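Have a look at the structure below before the remarks.
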Amino acid sequence: MTQLYLSRARLRRDSQALSALSSLLLPHDTSAQIKSGHHLIWALFGDTPERNRDFLWRQEEPGSFYILSERPPADPHGLFEIDAPRPFEPNLRAGDALEFRLRANATISRHIPGQKRGKRHDVIMDALHHIPGRQPSEKGGTSLRAEARLALVQDAGSAWLSRQAQDRGFSLPTPPRVDSYDTVVIPRTPQQSPATFGVMEFEGILTVTNPEIFLTSLRSGFGRAKSFGCGLMLIRRAW
């Protein structure tokens, strides 16, 4: 298996030049933070224009990132304080219990008649599709779809991760906790529509069933929108 490195990178705030750019590098808006993080992390690995992404990342707090990569990050512009990258070599066995955290863009593919490939949908939006969006609820003020969304986040998110587990080398002894669900809108060029996707935060305990497959899954990540800080699962021993 290809060597992996786990790194912690924090955006430097001790230089006058970076301080002047803080509003661009550390915007307050969540979607803008994700777009900024996307460009910042690519700067650590984009040594050639043809380079394919060989890393996963997640933002822990504004300007602070965890990175799992096939190469140690390089910071030619001095933008970051980077802890010494350490080899990611967890010694796992079948039956090991691990605490995990995962930020994921969870999707499901639906068949389209007459087409070979299905169309991907956000799992929450897919589950809400059959619920009226404009009818007022009996309580008043909140639509049926808005009320259902609150309840569906846990159920649909848990079901999605359970499906992932089936062939990704782990099982879920108890349903994971889905802490949040947000819609992210990333502006692009004037000629392109914004990139819009849902992001869920999972926490829980998993059981390793196949260490080799599970480690491969950690390397490739879970779900989509991995360029935008999704897909990296952080693990530690549960006990």
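Each number in the working numbering comes from the position in the sequence shown (counting from 1) with 9 added on.
Heads up, the beta-carbon is just placed ideally off N, CA and C, and yes, glycines get one too.
Predicted model only: the values in this text are computed from it and were never measured.
Just the C-alpha distance for residue i and residue j, rounded to the nearest angstrom, thanks.
i: G72; j: G87; result: 14 Å
i: A204; j: Q42; result: 14 Å
i: R19; j: L77; result: 15 Å
i: G46; j: L243; result: 18 Å
i: K128; j: P122; result: 11 Å
i: F211; j: Q201; result: 31 Å
i: R126; j: I117; result: 12 Å
i: E92; j: P184; result: A small correction: the amino acid at residue 92 is Asp; Glu does not occupy that position in the sequence shown. The alpha-carbon atoms of D92 and P184 are separated by roughly 34 Å.
i: W66; j: R172; result: 23 Å
i: H138; j: R21; result: 44 Å
i: R233; j: A115; result: 7 Å
i: P196; j: P99; result: 38 Å
i: L35; j: D23; result: 14 Å
i: S189; j: G166; result: 10 Å
i: R60; j: E156; result: 44 Å
i: D84; j: I140; result: 48 Å
i: P182; j: E221; result: 20 Å
i: Q68; j: Q124; result: 37 Å
i: R228; j: H37; result: 30 Å
i: P199; j: F74; result: 29 Å
i: K235; j: D164; result: 23 Å
i: R245; j: A174; result: 17 Å
i: L33; j: M209; result: 25 Å
i: T11; j: W51; result: 20 Å
i: K44; j: A168; result: 29 Å
Since I believe residue j is in contact with residue i (beta carbons under 8 Å), could you give me their beta-carbon distance rounded to a whole number of angstroms?
i: G213; j: T192; result: About 23 Å separates the two Cβ atoms, so there is no contact after all.
i: F231; j: G240; result: 5 Å
i: F97; j: L13; result: 4 Å
i: I133; j: R158; result: 7 Å
Mind checking whether residue i and residue j have CB atoms under 7 Å apart?
i: A247; j: E108; result: yes
i: V194; j: S16; result: no
i: L101; j: A136; result: no
i: T218; j: A103; result: yes
i: L53; j: P82; result: yes
i: H286; j: R119; result: The requested residue 286 does not occur in the structure, where the chain is confined to residues 10 to 248.
i: F179; j: L224; result: no
i: E79; j: D56; result: no
i: R186; j: S226; result: no
Identify every residue that forms a DSSP beta bridge with residue i.
i: W66; result: I76
i: M242; result: L111
i: V132; result: For V132, which the question treats as bridged, DSSP gives no partner whatsoever.
i: I214; result: E108
i: S118; result: R129
i: S40; result: Looking at the DSSP assignment, S40 forms no beta bridge with any residue, so it has no partner.
i: L101; result: Its beta-bridge partners do not exist; DSSP assigns none.
i: P96; result: Y14
i: T205; result: V194
i: L20; result: F89
Could you pull out every unbroken alpha helix (DSSP H) segment of at least 4 residues lying fully inside the stretch 155–187, listed in chain order? none
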